[in-house]
Structures are given as C-alpha cells and as structure tokens.
C-alpha cells in the first residue's frame with residue numbers, strides 16, 4: 002500500500018503546468034515584442050524619410066530664395082507684395098519640414114526612444130539619435146556603435162540628391178528600453194511562478210504531512226486505549242491460573258511465558274500511548290537497552306527457511322539521551338523489516354546488528370541479505386503509508402524515523418542498498434557526557 006503514489010503525479014502536473022505557462026508567456030511576449038519592433042521600424046523609417054525629405058534640392062532652392070528675399074529686404078525699404086508672398090511661401094516649406102521632423106518624429110513626449118545612427122555608404126557616422134555623446138568621443142567608438150547596431154535590424158536606406166547626384170545613406174537602429182525589458186520579462190515571470198508554485202507545493206505537503214501525522218497519532222492512541230481492557234483482563238486470568246496451577250512446575254513455566262508475553266503486549270500498548278507526546282529522556286548507557294531488544298528479537302521472531310543467521314557486534318559503550326521503550330521499539334521495527342526482506346529459500350540469509358562509537362556519535366547498523374531497495378526509494382520508505390507488502394500499513398519505518406529523529410534528535414536512513422544485495426539501515430545518536 003502506497004498512500005504517496007499520487008505525490009509523483011502532482012509534481013509532474015505542476016512541472017507540466019509551469020512549462021506550459023512559461024511557453025505560453027514566452028510566445029505571447031515574443032508576439033508583443035514583434036509588434037513593438039514593427040512600430041519602432043515605422044518610426045525609424047519616418048525619421049529617415051524626414052531626413053531624405055529635408056535634403057531634397059527643392060528645399061535648398063527655397064533656402065536660396067529665402068536668402069535673396071532677405072537681401073532684397075535689406076536693400077529696399079519699401080517691400081513689394083510679391084516679395085512678401087514669396088517669403089511666406091518659403092517659410093511655409095520650412096515649417097512643414099520642421100513639423101515632420103520635430104513634431105511627428107522627435108517629439109518631446111518621448112515617442113522616439115530607439116537608438117539610431119545615420120551613416121554613408123562607407124559607414125562614416127553622419128548623425129545619431131538617442132545615443133549618449135560620451136560614447137562617441139573617438140572614431141573607434143563610432144565604428145563600434147555602428148557595428149553593434151548592424152546586428153539588430155535591417156537598415157533603412159536613404160537616397161540624397163537628384164538623379165544625377167544620388168548618394169546612398171543608411172539608418173541603423175537598435176531596440177528601445179521597453180523592448181529590452183520585455184525580452185527578460187518571461188524569464189522573470191517563470192522564476193516568480195516557480196517560487197510561488199514551490200511555496201504552494203511545500204505548504205501543501207506540510208499540511209498533508211501534519212494531517213497524516215495527526216491521523217497516525219490518533220490511531221496509535223486509540224489502539225493503546227483499546228488494548229488496555231483486554232490486557233488488564235489477561236493479567237487477571239494469569240493471577241487466577243497461578244492460584245489454580247501454581248504448584249504444577251510445567252504449568253508454572255507456561256504461565257510465566259504467558260505473563261512475559263502479556264507484559265510485552267502491555268509495553269507495546271504503552272509505546273502507542275506515547276506517540277504524539279513528548280517522551281521522557283534520560284542519559285543512560287545504550288548497550289543494555291540494545292542488548293535486551295536484540296536478545297528478545299532472537300527468541301521471538303520466527304525462523305525463516307532452514308534458519309537465519311543473526312550476527313551481533315554490540316560494541317557501543319556510551320551514554321546517550323534515551324527513552325528505552327521507544328528506542329527498543331525503533332530497533333524492533335528495523336529488525337522486523339530486515340526479516341521480511343529475507344528470501345526464505347536463501348540458505349545463507351543473515352541479519353547483522355552492530356554498534357560502535359565514532360567520535361561523538363553512536364552508530365548502529367542493521368544489515369540484511371534480503372531483496373534490497375531501489376535508490377529512488379531511499380527516502381520514500383520512511384513516508385507514512387509506504388509499504389511494499391500487500392497488507393502492510395506502512396507505519397513501522399515512519400514511526401522509527403519519528404522516534405529517532407523527533408524524539409531522540411538523531412538520524413535514521415538507508416546507509417546502503419542494492420536490489421538483490423541486501424540493505425543496511427543506520428541510526429546515529431549523539432554521545433552525552
């Protein structure tokens with residue numbers, strides 16, 4: 002039973018949603034950038050046309066006429082009407098040019114923000130707009146600017162002069178600040194969305210784990226409560242049997258074994274009752290508690306096949322902050338899982354339980370020769386509800402992790418494992434002076 006099978010699907014759906022959202026944002030952003038670039042090209046072309054328009058020969062003739070009129074005015078105090086009309090005509094032509102260039106193209110409202118340069122056929126800089134003069138101090142700066150702008154867009158060609166004296170000039174232009182900002186916007190949006198989805202998913206997982214933890218705690222306490230009445234009744238029957246058959250030696254031995262098992266059952270109920278509450282920890286020697294639970298497991302666990310070799314190497318002589326009952330429960334869960342993983346047909350099946358002190362840590366390893374664990378399940382096996390057994394509840398390793406890490410401030414993890422080559426679970430506890 003695996004209550005967390007949907008977790009992988011949730012992650013996959015979130016990733017797909019993020020990718021689709023990011024791709025959609027990128028496509029739409031590129032569409033907007035394309036539209037703005039089209040508008041900017043229209044503005045650049047209009048500026049180029051204005052330059053071309055101002056350079057027409059007719060405008061030069063108009064300027065010459067304006068000079069003639071000015072000279073005539075200076076020489077003749079009486080101004081004929083014909084001269085005045087000619088002056089107004091020339092002035093009208095000049096005003097129209099200024100309107101196109103100054104009002105429509107380069108207005109003070111800032112509609113023309115595109116950096117642009119005007120060059121001749123040899124790339125010699127003739128003029129520029131929206132470029133800082135400090136960047137054009139030398140000819141090398143001008144060449145570098147022109148080369149840089151050539152990489153952005155196709156130039157706008159301008160033809161100066163008449164049919165006999167045509168000169169080709171080119172306007173190279175870049176991108177406005179708005180376009181440059183828009184190009185980075187989708188990536189910023191993806192980062193923000195990733196953060197929001199990450200926070201949302203983490204919050205969801207935290208709430209889910211809390212709810213599941215509360216569920217397991219409630220079930221554990223209810224189990225302890227339900228076991229209390231039959232255990233008390235069993236103690237009553239044991240005392241009755243002692244009174245009736247206490248003098249019979251063989252019966253007395255059986256009653257003693259039954260009493261030990263009922264006491265063990267009572268300890269289990271007490272363990273369940275402690276889940277969810279802060280247990281009492283004492284600084285004691287770890288070796289006796291470890292030796293006791295290992296000896297019990299050797300006597301009580303059923304043998305598999307023709308026998309399972311139990312290897313012990315309990316060398317940890319140190320004091321740790323410990324609740325013996327909960328600690329022994331954690332060890333039992335790990336040993337039981339090791340036993341379940343063994344192959345019944347394997348004649349060389351074994352379980353190894355070892356302990357040692359390394360520096361300031363007590364290290365306990367529980368190794369088996371069983372089926373092993375896939376690498377991607379090293380963390381999953383400790384999740385509540387995860388089990389590879391058809392009728393498993395998936396609580397054993399979850400409770401073990403809670404006991405070791407939350408109650409004893411230690412660590413429990415899969416130290417090493419390979420499919421078909423067994424597993425080693427490791428517990429690390431801090432030595433107390």
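Residue numbers (my numbering): 2 to 434. Here a beta-carbon is modelled for each residue, glycine too, at the ideal position from N, C-alpha and C.
{"Asked": "Compute the distance between the beta-carbons of residue 287 and residue 321, then report whether it is under 8 Å.", "Found": "yes"}
{"Asked": "Please state if the CB of residue 174 and the CB of residue 150 are separated by a distance shorter than 8 Å.", "Found": "yes"}
{"Asked": "For residue 169, does the three-state DSSP call read helix, strand or coil?", "Found": "strand"}
{"Asked": "Taking only the alpha-carbon atoms, compute the straight-line gap between residue 179 and residue 128 and give it to the nearest angstrom.", "Found": "23 Å"}
{"Asked": "Taking residue 313 as the reference, which of 319, 345, 328 and 357 has the closest Cα?", "Found": "357"}
{"Asked": "What residues in its chain sit with their C-beta under 6 Å from that of residue 372, if we drop five residues either side in the sequence?", "Found": "342"}
{"Asked": "Between residue 191 and the rest of its own chain, which residues show a CB-CB distance below 6 Å, the 5 nearest in sequence each way excluded?", "Found": "23"}
{"Asked": "If you pair each beta-carbon of the segment 318-333 with each one of the segment 406-418, do three or more pairs fall below 8 Å?", "Found": "yes"}
{"Asked": "Quick one: what does DSSP say residue 351 is sitting in, helix, strand or coil?", "Found": "strand"}
{"Asked": "Could you check where the alpha helix (DSSP H) with residue 342 kicks off and where it finishes?", "Found": "325-342"}
{"Asked": "Leaving out five residues on either side along the sequence, give the residues of the same chain with a beta carbon under 6 Å from the beta carbon of residue 359.", "Found": "none"}
{"Asked": "Using CA atoms only, rank isn't needed, just tell me which of 120, 146, 142 and 126 is closest to residue 157.", "Found": "120"}
{"Asked": "For residue 419, which of helix, strand or coil comes out of DSSP?", "Found": "coil"}
{"Asked": "In the structure shown, what three-state DSSP assignment does residue 98 receive?", "Found": "Note that residue 98 scores 49 on pLDDT, short of 50, meaning its location in the model is unreliable; the coordinates nonetheless yield the value given after this. In this structure, residue 98 counts as helix in the three-state DSSP scheme."}
{"Asked": "Between the C-alpha atoms of residue 216 and residue 397, what's the straight-line distance to the nearest angstrom?", "Found": "15 Å"}
{"Asked": "Which one or two residues does DSSP pair with residue 294 in a beta bridge?", "Found": "According to DSSP, which records beta bridges pairwise, residue 294 is partnered with nothing at all."}
{"Asked": "Assign residue 406 to one of three DSSP states: helix, strand, or coil.", "Found": "helix"}
{"Asked": "Can you give me the start and stop residues for the alpha helix (DSSP H) that residue 179 sits inside?", "Found": "178-246"}
{"Asked": "CB-CB under 6 Å to residue 433, same chain, minus the five flanking residues each way: which ones, in chain order?", "Found": "284, 320, 321 and 322"}
{"Asked": "Assign residue 259 to one of three DSSP states: helix, strand, or coil.", "Found": "helix"}
{"Asked": "Against chain D, with Cβ distances strictly below 8 Å, would residue 218 count as a contact?", "Found": "Given the protein chain composition of this structure (a single chain), no chain D is represented."}
{"Asked": "Can you tell me which of the three DSSP states residue 25 falls into?", "Found": "helix"}
{"Asked": "According to DSSP, simplified to helix, strand and coil, what is residue 105?", "Found": "In this prediction, residue 105 scores a pLDDT of 46, lower than 50, which makes its location untrustworthy; the coordinate-derived value is nonetheless stated afterwards. Helix, per DSSP."}
{"Asked": "Between the beta-carbon of residue 30 and the beta-carbon of residue 280, is there less than 8 Å?", "Found": "no"}
{"Asked": "DSSP on residue 19, reduced to helix/strand/coil?", "Found": "helix"}
{"Asked": "Helix, strand or coil: how does DSSP classify residue 13 here?", "Found": "helix"}
{"Asked": "So the beta strand (DSSP E) residue 120 belongs to, where does it begin and stop?", "Found": "117-121"}
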